[in-house]
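Numbering (our numbering), first residue to last: 405 to 1045.
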């Protein structure tokens, strides 16, 4: 199977010619995504084809008439033989493909296309395309980003998997179409300008990420999860082929549990196919514990990996070790100290390419590092919260239904009292949650859902930015909400998180942190059949009263201990509130100092000074705001210094 980096450039009438050297550079900068092999394909204007020309004349430049170029880096996790080399054509060489990811139903594709050589299954994807046309992407089950060049029809197709586990950026400039797995590769092309999209910056400051299809640069777009794109002489056409759909079928609890276990076991079985060492991320939370339990039944003694912290309230190692002992796994763990965190912060701009403020990328980076020492593939537990309503914000809406029945006059009194609560630094302390809770008053539920988790409040963004141009900050929420087929409030939130925070934050974090170490992470909870089954269940099997992950807990009752199943949600985080006041204080004052901020001309320093002072003096816990700014400043320094 082929976890990789992909790039390409198609010239259908652009005055700017494709240069081989640039394509090679774009490909090779993604070496960590695929250290085992690399390849390029070039189609000339006269129809001639060149492959893997490693001895490129540095002066070949602007005079070579190239119509199409594709590049590929390979991380092989099944068979590194030459048969898996990409870009890969069909037998007639009328179509070529580059694939990043895993197609788990490759056996079905082989039967349908009669292409039985295992490492040729990218060629089977071409055959499926030739049979079904653009609908071919609906036949694929896996995690993937792919590009398919149809020479006969002079048409390029890009596609991303349903939930967006694999990334894909693109730009169309003067009839020249350029794409790559990551921004850093795309930026090597001379047509790409590094102009910050001010609308995207505002959204970053609110969400902590930039929702697709936009990126931090105005000239670059991201292909949204569950979409495919067609580029031909008529320009760009984008279509959605998959989205979450809710149906609330009639099913007993026992039957739902039985079906869930069966589908999860199938999902894990598919993801254990590998001829390189494989392990499991084990945090000690319910999601990773369930994946580890079932994986250990299929692979006795499977390796599991965890990290811990010196700050006790954040440390989950004791839970991870208990689960590892229960399932008999070969367990490894390490402690993440503030000094180690300081080591990774300067690396984040290279890892991320565009600003993304999910603090858990730091522990995920270190977890991937210790995991890669012993295995090449790991199973993760992402997706459980979005599918089974595991985040506190979901049951926060249930509480808010009662809160908003209180007369407005008394709610204002409550808000004033809450604002006076003393600040305690820790993992989502009572005062932090209470202050967040009241910020959602007077907003529609789906807006409130994201205000509760925002990095900056919408009114703070106006104070922070020097540029005062107005946008509809909530337009992405409104656009996706129109596509949700459910009338249930909680299912609307689940839909939004599967279209926004999952593909743009959680999965970005996992992909970039793991690929930085050439580690592949597979996510059983995000199996398409499993997701569709869970989305068909009544909401009471997910959020039961104010109990999230209800069916998960019922399914594992008597298997995992109550200590694991019913403990307070920890989240994969670090003691960032405390570290900002101590270990990270010097770095923050250096990056967010007056001279640096005013030189950049983006932010109002007086507002930054205010939120820093509030945090350092314990007036407020502003860790999210400060971390969001630190990430941006680190990124800006990397790309604009």
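For glycine and all other residues, C-beta sits at the position ideal for the given N, C-alpha and C.
Taking the beta carbon of residue i as the centre, do at least 16 other beta carbons fall within 10 Å, making it buried, or is it exposed?
| i | result |
| --- | --- |
| residue 494 | buried |
| residue 496 | exposed |
| residue 419 | exposed |
| residue 836 | buried |
| residue 928 | buried |
| residue 480 | buried |
| residue 739 | exposed |
| residue 848 | exposed |
| residue 414 | buried |
| residue 810 | exposed |
| residue 664 | buried |
| residue 1034 | buried |
| residue 1046 | Nothing about residue 1046 can be reported from this structure: the residues present for the chain run from 405 to 1045 only. |
| residue 1005 | exposed |
| residue 926 | buried |
Between residue i and residue j, is the Cβ-Cβ spacing less than 7 Å?
| i | j | result |
| --- | --- | --- |
| residue 548 | residue 570 | yes |
| residue 604 | residue 616 | no |
| residue 526 | residue 544 | no |
| residue 685 | residue 693 | no |
| residue 1102 | residue 408 | In the structure as shown, the chain starts at 405 and stops at 1045, and residue 1102 therefore has no counterpart that could be examined. |
| residue 743 | residue 707 | no |
| residue 916 | residue 756 | yes |
| residue 924 | residue 781 | yes |
| residue 711 | residue 621 | no |
| residue 595 | residue 577 | yes |
| residue 574 | residue 587 | no |
| residue 792 | residue 973 | no |
| residue 552 | residue 501 | yes |
| residue 858 | residue 1036 | no |
| residue 753 | residue 1003 | no |
| residue 661 | residue 933 | no |
| residue 681 | residue 902 | no |
| residue 904 | residue 787 | no |
| residue 585 | residue 410 | yes |
| residue 499 | residue 514 | no |
| residue 865 | residue 606 | yes |
| residue 799 | residue 950 | yes |
| residue 1025 | residue 827 | yes |
| residue 768 | residue 913 | yes |
According to DSSP, residue i sits in a beta bridge with which residue or residues?
| i | result |
| --- | --- |
| residue 618 | 625 |
| residue 574 | 583, 625 |
| residue 415 | 580 |
| residue 500 | 493, 553 |
| residue 712 | 739 |
| residue 547 | 506 |
| residue 446 | 454, 473 |
| residue 655 | Beta-bridge pairing links residue 655 to no other residue. |
| residue 901 | In the DSSP output, where bridge partners are listed per residue, residue 901 has none listed. |
| residue 926 | 783 |
| residue 559 | 554 |
Out of the options, point me to the one whose CA is closest to residue i's CA.
| i | options | result |
| --- | --- | --- |
| residue 452 | 438, 1036, 516, 472 | 472 |
| residue 558 | 750, 542, 634 | 634 |
| residue 435 | 992, 920, 989 | 920 |
| residue 963 | 695, 952, 994, 903 | 695 |
| residue 861 | 850, 877, 872, 871 | 877 |
| residue 652 | 1020, 992, 978, 938 | 938 |
| residue 795 | 898, 426, 417 | 898 |
| residue 642 | 632, 636, 650 | 632 |
| residue 832 | 816, 856, 922, 852 | 856 |
| residue 935 | 619, 666, 892, 535 | 666 |
| residue 591 | 518, 537, 433 | 433 |
| residue 593 | 863, 602, 583 | 583 |
Starting from the C-beta of residue i, find all residues in its chain whose C-beta is less than 6 Å away, skip the five residues before and the five after it, and write them out in chain order.
| i | result |
| --- | --- |
| residue 819 | 842 |
| residue 830 | 717 |
| residue 719 | 712, 713 |
| residue 566 | 630, 646, 932 |
| residue 922 | 436, 439, 479 |
Counting only the same chain and skipping the five closest in sequence on each side, list residues whose C-beta sits under 8 Å from that of residue i.
| i | result |
| --- | --- |
| residue 998 | 1009, 1013 |
| residue 987 | 742, 743, 745, 746 |
Is any heavy atom in the ligand ATP found nearer than 6 Å to the beta carbon of residue i?
| i | result |
| --- | --- |
| residue 955 | This structure lacks the ligand ATP; in fact it carries no ligand of any kind. |
Can you list, in chain order, the residues of its chain whose CB lies under 7 Å from that of residue i, leaving out five sequence neighbours each side?
| i | result |
| --- | --- |
| residue 698 | 668, 669, 672 |
| residue 980 | 763, 1027, 1031 |
| residue 399 | The requested residue 399 does not occur in the structure, where the chain is confined to residues 405 to 1045. |
| residue 724 | 686, 687, 688, 710, 737 |
| residue 674 | 508 |
Using a Cβ cut-off of 7 Å (strictly closer), state whether residue i contacts chain B.
| i | result |
| --- | --- |
| residue 568 | No chain B appears in the structure shown, which is made up of a single protein chain. |
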